[in-house]
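Enquirer: Using our numbering, you'd call the opening residue of the sequence shown number 1 and step up by one each time.
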Amino acid sequence: MVYKNILETIGNTPIVELHSFNAGLSKLYIKLEYANPAGSIKDRIGLSMIENAEKEGLLKPGDTLIEATAGNTGLGLALVAAQKGYKLTLVIPDKMSKEKVDHLRAMGTEIIMTRSDVGKGHPEYYQDYAERLASENPDAYYINQFSNPSNPKAHELTTGPEIWKQMDQNVDAIVVGVGSAGTISGLTSFFKQKKPDMNFVLADPAGSVLKDYFHEKKIKEAGSWLVEGIGEDFIPGQMDYSLVKEAYEVTDKEAFDTARKLLRDEGIFAGSSTGILVAAAVKYAQQTQSAQNILTFACDTGNKYLSKMYNDTWLEENV
Ligand SMILES: Cc1ncc(COP(=O)(O)O)c(C=O)c1O
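(1) For Ser-273, is the beta carbon positioned less than 8 Å from some heavy atom of ligand 1?
(2) Determine the closest residue to Val-175 out of Met-49, Gln-193, Ala-298, Met-96, with distance taken between C-alpha atoms.
(3) Starting from Ile-6, follow the alpha helix (DSSP H) in both directions and report where the run begins and ends.
(4) By DSSP's criteria, Met-113 is part of a beta bridge. Which residues make up the other side?
(5) If you follow the beta strand (DSSP E) that Ile-230 is in, where does it begin and where does it stop?
(6) If you drop the 5 nearest sequence neighbours on each side, which residues of the same chain put their C-beta closer than 8 Å to that of Thr-64?
(7) Less than 9 Å separating the beta-carbons of Lys-261 and Ser-20?
(8) Can Leu-243 be considered in contact with ligand 1, in the sense that its beta carbon sits closer than 8 Å to one or more heavy atoms?
(9) Within 8 Å: the Cβ of Gly-207 and any heavy atom of ligand 1?
(10) Using C-beta distances below 6 Å, list every residue in its chain close to Lys-27, excluding the 5 sequence neighbours before and after it, in chain order.
(11) Using DSSP with H/G/I as helix, E/B as strand and the rest coil, what is Ala-140?
(12) If you draw a straight line from the C-alpha of Ser-150 to the C-alpha of Gly-186, how long is it?
(13) Tell me the DSSP secondary structure of Asp-204 in three-state form.
(14) How would you call Glu-33, buried or exposed, if buried means at least 16 neighbouring beta carbons within 10 angstroms?
(15) Between Lys-253 and Lys-60, what straight-line distance do the alpha-carbon atoms span, to the nearest angstrom?
(16) Would Val-2 be called buried (16 or more neighbouring beta carbons within 10 Å of its own) or exposed?
(17) Kindly indicate which residue of Ser-272, Thr-109, Leu-277, Gln-286 has the alpha-carbon position closest to the one of Val-319.
(18) Between Ala-78 and ligand 1, is there a pair consisting of the residue's CB and a ligand heavy atom that are separated by less than 8 Å?
(19) Taking the runs of the alpha helix (DSSP H) that are 4 residues or longer, which of them lie wholly in the segment 36-98?
(20) Need the endpoints of the alpha helix (DSSP H) that Phe-214 sits in, please.
(21) In the DSSP assignment, find the alpha helix (DSSP H) that holds Thr-274 and state where it starts and stops.
(22) Roughly how many angstroms lie between the CA atoms of Glu-17 and Ala-23, to the nearest whole one?
(23) Can you name the residues that DSSP bridges to Lys-27?
(24) Determine the direct distance from the alpha carbon of Phe-200 to that of Leu-321, and round the result to whole angstroms.
(25) Do you know whose CA, among Ala-68, Leu-263, Gln-289, lies nearest Asp-128's CA?
(26) Output needed for Thr-251: all residues of its chain with C-beta closer than 7 Å, excluding positions within five of it in sequence on either side, in chain order.
(27) Am I right that Ile-10 and Pro-37 are in contact with their C-beta atoms under 8 Å? What's the rounded C-beta distance?
(28) I need the straight-line Cα distance from Leu-47 to Thr-301, nearest angstrom please.
(29) Any heavy atom of ligand 1 closer than 8 Å to the CB of Gly-16?
(30) Determine, using beta carbons only, whether Glu-124 and Thr-114 come nearer to each other than 9 Å.
In structure tokens:
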């Protein structure tokens, strides 16, 4: 079929079975979110956050959208903003990959780089910075994926139903990473209706506080990690632990090794967070006693990490 415009190609991403990992009695499946037009799962929320703001009358033609993002949400927003005639300014922490920033600049986005080494509450922290910028400009709209209900809604209304249909309702566990918590919360809302005993498995970078909070209900001191897009030093307001049954932490090295194996052995060229997700899916598969259908995501494309985890020199120097 022919689509009327690029925005219609968001979603309906394929699911592929994996064969090269030791999953015990279980089967592993991966939903290729990199097949979205700007290359990640975040295209879904770019569309829903802008279209819902339009429906609520919060945007007028030519307005500037402002967001704090590690990259992929920015790309999703840039795609939708350009099609709909909005300007976009992004505040980005300076650890983010050059490919993402170059891609955003090429899409016409204004980029403000800020520090990655400061936490929430610091004026240079990317989210505080973006919020301040939006409050100073009357023609600006702060997207704020961290508390925008259209973020989880996108997953409740698209990602969840797609999984349910594509897997023919035969899915027992979903392995997710958490950034803004939109994916996990939206999927949890959907599966509470369809399959309330769904096993959600949290995949967290070593250094993030989310896994320990699940086990101990305490926020430990955060460390640092190289994987982009998931893991937090706070518990996102939208976080929903209610269907989470297990949580695993994965080191940067395990993540990069897993992502590179995924490319070598399965031909799936995904980003660094996918390494965390697949590694956690394998841990869960090996630990569970029953045969389960376990689904996870390739959240973004490996193209954005050619100068990092797919570069041997970078790996030797950084990991
Ligand atoms: C690159 C990337 N961004 C974001 C997410 C999830 O994000 P959120 O919790 O913001 O929905 C993932 C999930 O694995 C991811 O890999």
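Virtual Cβ for every residue (Gly too), placed ideally from N, Cα, C. As the structure is a prediction and not an experimental result, all values here were calculated from the model.
Expert: Answer, in terms of the structure:
(1) Mapped onto the sequence shown, residue 273 falls at position 273. It does: the Cβ of Ser-273 is within 8 Å (strictly closer) of some heavy atom of ligand 1.
(2) Here the question's residue 175 lines up with position 175 in the sequence shown. Ranking Met-49, Gln-193, Ala-298, Met-96 by Cα distance to Val-175 puts Ala-298 first.
(3) For the purposes of this step, residue 6 is identified with residue 6 of the sequence shown, where counting begins at 1. Run containing Ile-6: none; DSSP gives neither H nor E here.
(4) Your numbering for residue 113 matches position 113 in the sequence shown. According to DSSP, Met-113 bridges with Ile-92.
(5) For the purposes of this step, residue 230 is taken as residue 230 along the sequence shown, with counting starting at 1. It is not in any beta strand (DSSP E) - Ile-230 carries neither H nor E in the DSSP assignment.
(6) Translated into the one-based positions of the sequence shown, residue 64 becomes position 64. For Thr-64, where only same-chain residues beyond five positions count, the Cβ hits under 8 Å are Tyr-86, Lys-87, Leu-88, Thr-89, Asn-137, Asp-139, Ala-140, Tyr-141.
(7) Position 261 of the sequence shown, counting from 1, holds the residue named residue 261. Position 20 of the sequence shown, counting from 1, holds the residue named residue 20. Yes; because the gap between Cβ atoms is below 9 Å, this pair is in contact.
(8) Position 243 of the sequence shown, counted from the first residue, corresponds to residue 243. Because no heavy atom of ligand 1 lies under 8 Å away, the Cβ of Leu-243 does not count as near it: no.
(9) The sequence position of residue 207 within the sequence shown is 207, counting from 1. It does not: the Cβ of Gly-207 is nowhere closer than 8 Å to a heavy atom of ligand 1.
(10) The residue you call residue 27 lines up with position 27 of the sequence shown. Hits under 6 Å: Asn-293.
(11) As a working mapping, residue 140 is identified with position 140 in the sequence shown. Note: Ala-140 maps to strand in three-state DSSP.
(12) Mapped onto the sequence shown, residue 150 falls at position 150. Mapped onto the sequence shown, residue 186 falls at position 186. Looking at the two C-alpha atoms, the distance is approximately 9 Å.
(13) Indexing the sequence shown from 1 puts residue 204 at position 204. DSSP, reduced to helix, strand and coil, places Asp-204 within a strand of the structure shown.
(14) Here residue 33 refers to the residue found at position 33 when the sequence shown is read from its first residue. Buried.
(15) Numbered from 1 along the sequence shown, position 253 holds the residue referred to as residue 253. Numbered from 1 along the sequence shown, position 60 holds the residue referred to as residue 60. Answer to the nearest angstrom: the Cα atoms are 46 Å apart.
(16) Indexing the sequence shown from 1 puts residue 2 at position 2. Label assigned to Val-2: exposed.
(17) Reading the sequence shown from its first residue, position 319 is the one you call residue 319. When Ser-272, Thr-109, Leu-277, Gln-286 are compared, the shortest CA-CA separation from Val-319 is found for Ser-272.
(18) Start at 1 with the first residue of the sequence shown, and residue 78 comes out as number 78. No, the Cβ of Ala-78 stays beyond 8 Å of every heavy atom of ligand 1.
(19) 42-55, 72-84
(20) Counting from one through the sequence shown, the residue named residue 214 turns up at place 214. Residues 210-216.
(21) Start at 1 with the first residue of the sequence shown, and residue 274 comes out as number 274. Thr-274 -> alpha helix (DSSP H) spans 272-287.
(22) To locate residue 17, count along the sequence shown from 1; it is residue 17. To locate residue 23, count along the sequence shown from 1; it is residue 23. Whole-angstrom Cα-Cα distance: 12 Å.
(23) Along the sequence shown, read from residue 1 onward, the residue named residue 27 stands at position 27. Looking at the DSSP output, Lys-27 sits in a beta bridge with Asn-293.
(24) As shown, the chain starts at 1 and ends at 319. That puts residue 321 outside it, with no answer to give.
(25) Mapped onto the sequence shown, residue 128 falls at position 128. For the residues Ala-68, Leu-263, Gln-289, the minimum Cα distance to Asp-128 belongs to Ala-68.
(26) Translated into positions along the sequence shown, residue 251 becomes position 251. Excluding sequence neighbours, Thr-251 sits near Ala-206.
(27) Position 10 of the sequence shown, counting from 1, holds the residue named residue 10. Position 37 of the sequence shown, counting from 1, holds the residue named residue 37. Confirmed, about 6 Å.
(28) Stepping through the sequence shown from its first residue, residue 47 is reached at position 47. Stepping through the sequence shown from its first residue, residue 301 is reached at position 301. Distance between the alpha carbons of Leu-47 and Thr-301: 19 Å.
(29) What you label residue 16 is simply residue 16 of the sequence shown in a count that begins at 1. Before going on, a small fix: residue 16 reads as Val here, not Gly. Every heavy atom of ligand 1 is 8 Å or more from the Cβ of Val-16, so no.
(30) Taking the sequence shown and counting its residues from 1, one reaches residue 124 at position 124. Taking the sequence shown and counting its residues from 1, one reaches residue 114 at position 114. In this structure, Thr-114 lies closer than 9 Å to Glu-124 by Cβ.
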